[in-house]
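Residue numbers (the numbering used here): 54 to 556. Even for Gly, the Cβ is constructed at its ideal location relative to N, Cα and C.
This is the structure:
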């Protein structure tokens with residue numbers, strides 16, 4: 054058990070996530086009284102207090118403001134004994150481009166990091182960063198200073214390991230031409246198709262098996278097209294930048310229904326679309342009919358996601374296709390002229406470094422334009438989250454991620470976007486690689502949040518960007534199929550209000 058007491062600040066969630074990085078298997082409890090509040094002046098009850106806290110650590114995180122200073126203080130006790138104290142004067146910290154509130158919060162987190170790092174026998178490569186979008190921090194710094202200074206701050210103030218700081222800056226530089234100059238009248242469109250042939254064991258996205266009753270798919274498509282047409286009427290004076298159809302598995306529905314959805318976009322949203330992506334996903338859903346339809350509808354980019362090229366793993370995770378079908382689907386799509394992304398997941402149950410290397414070598418032979426590497430994240434909705442036999446193998450996961458970087462470079466690719474997730478194996482990251490000028494613009498826009506994204510469909514999230522305030526407002530759609538259809542007018546009314554407030 055780890056007990057945590059806060060005083061002078063309310064950064065409970067941030068500290069919970071940071072402490073969990075150091076002690077992923079320990080229970081963390083926030084308490085209302087300090088360890089020392091219950092100590093009698095004569096120390097007569099010290100033994101009782103020691104006994105009460107002998108089952109773990111007690112952490113104090115304080116923000117004190119005596120005259121002229123602001124101190125971030127972290128103390129760590131074990132069995133009643135103070136074993137570490139870190140004090141940081143936040144007044145002395147100045148980081149151009151970051152507001153004082155952020156600087157103070159970072160100092161509080163850094164004091165916790167410095168107090169705990171010597172208590173564990175492993176590296177914490179991302180330092181005090183616990184959010185899912187670390188590249189946003191790099192952009193904030195690079196907008197106000199040169200690369201070397203930005204890296205110094207990432208390593209010093211954020212405690213980020215040098216290789217990760219270098220990676221952040223390199224990715225931010227690649228993204229610059231796609232993000233700037235900011236244009237508040239530009240937006241992207243995300244369309245969610247929540248159906249799959251079957252559910253993979255690691256999945257927690259809003260997705261439903263198609264089943265025998267296809268009528269609910271047709272009804273969903275009707276509602277989705279209504280939503281798309283109505284959104285188009287709200288944004289007639291805006292510029293549609295990119296379109297991304299994700300899922301689920303969009304190509305699991307009938308070709309005619311997917312064509313109806315794409316036609317609705319083409320017919321109702323005017324102007325040039327810079328990039329149109331369909332996440333084809335599972336190779337067993339691809340065929341000449343739906344691929345030719347996508348090409349005829351001017352979709353220029355698709356994703357074919359093997360996740361692994363090892364048959365035994367495909368069976369274990371619930372994928373109903375073999376490796377040969379991956380190769381055949383890829384060859385057919387390539388012949389039709391698509392730019393292709395391929396996803397793999399590292400950390401899948403039963404896979405070792407050799408299995409990952411085999412998958413990467415097979416993908417290298419195919420020569421896609423993009424490779425996206427996901428580190429397995431055990432979300433609450435995933436069937437793997439309580440799987441006792443799952444071995445986290447943190448050190449091996451690090452080697453796997455290093456191997457993917459090496460192999461991506463051999464394929465002529467460089468990293469262009471990155472994000473992190475809670476409960477990700479090894480406290481690592483997901484990273485996208487691309488050949489020169491083949492970066493997915495939608496992925497960059499969605500992850501760095503410098504452009505409005507309007508979501509359509511079950512579970513889709515709209516994110517409205519207010520550039521003057523550098524602020525995002527989220528508006529999620531309902532995650533239930535029936536509720537989504539029944540309350541579509543309510544959803545559209547809310548979208549209309551947001552769009553009016555922004556433009």
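Residue i versus residue j - alpha carbon distance
i, j, result
"residue 156", "residue 221", "19 Å"
"residue 367", "residue 410", "16 Å"
"residue 304", "residue 552", "30 Å"
"residue 302", "residue 261", "10 Å"
"residue 528", "residue 544", "9 Å"
"residue 558", "residue 485", "Outside the shown range of the chain (54 to 556) lies residue 558, about which nothing can therefore be said."
"residue 277", "residue 365", "37 Å"
"residue 121", "residue 140", "15 Å"
"residue 370", "residue 306", "21 Å"
"residue 481", "residue 502", "21 Å"
"residue 515", "residue 549", "12 Å"
"residue 358", "residue 143", "46 Å"
"residue 227", "residue 469", "6 Å"
"residue 275", "residue 284", "14 Å"
"residue 70", "residue 194", "23 Å"
"residue 244", "residue 402", "31 Å"
"residue 191", "residue 334", "31 Å"
"residue 158", "residue 151", "11 Å"
"residue 171", "residue 85", "26 Å"
"residue 117", "residue 56", "20 Å"
"residue 555", "residue 294", "17 Å"
"residue 200", "residue 232", "18 Å"
"residue 412", "residue 398", "10 Å"
"residue 423", "residue 154", "38 Å"
Burial state of residue i (16 or more Cβ within 10 Å)
i, result
"residue 509", "buried"
"residue 248", "buried"
"residue 390", "exposed"
"residue 524", "exposed"
"residue 129", "buried"
"residue 343", "buried"
"residue 519", "exposed"
"residue 535", "exposed"
"residue 441", "Here the model assigns residue 441 a pLDDT of 39, short of 50, so the residue's position is not dependable, and the following value carries that caveat. Residue 441 comes out exposed."
"residue 325", "exposed"
"residue 234", "exposed"
"residue 271", "exposed"
Coil, strand or helix - residue i by DSSP
i, result
"residue 78", "coil"
"residue 236", "coil"
"residue 447", "helix"
"residue 209", "helix"
"residue 286", "helix"
"residue 474", "coil"
"residue 408", "helix"
"residue 394", "strand"
"residue 556", "coil"
"residue 132", "coil"
"residue 468", "strand"
"residue 379", "helix"
"residue 69", "helix"
"residue 527", "strand"
"residue 537", "helix"
"residue 142", "strand"
"residue 515", "strand"
Beta bridge counterpart(s) of residue i as assigned by DSSP
i, result
"residue 246", "300"
"residue 423", "394 and 487"
"residue 305", "Paired residues: none, contrary to the question."
Min CB distance residue i to chain C below 8 Å
i, result
"residue 85", "Of the protein chains in this structure there is only one, and it is not chain C."
Requested in this report: Go through the region 337 to 375 residue by residue and report every complete run of the beta strand (DSSP E) that reaches 3 residues or more, in order.
Outcome: Inside the region 337 to 375, DSSP marks whole beta strand (DSSP E) runs of 3 or more residues at positions 354 to 357, from first to last along the chain.
Query - Whole alpha helix (DSSP H) elements within the region 159 to 200, 4-residue minimum - result: 187 to 195
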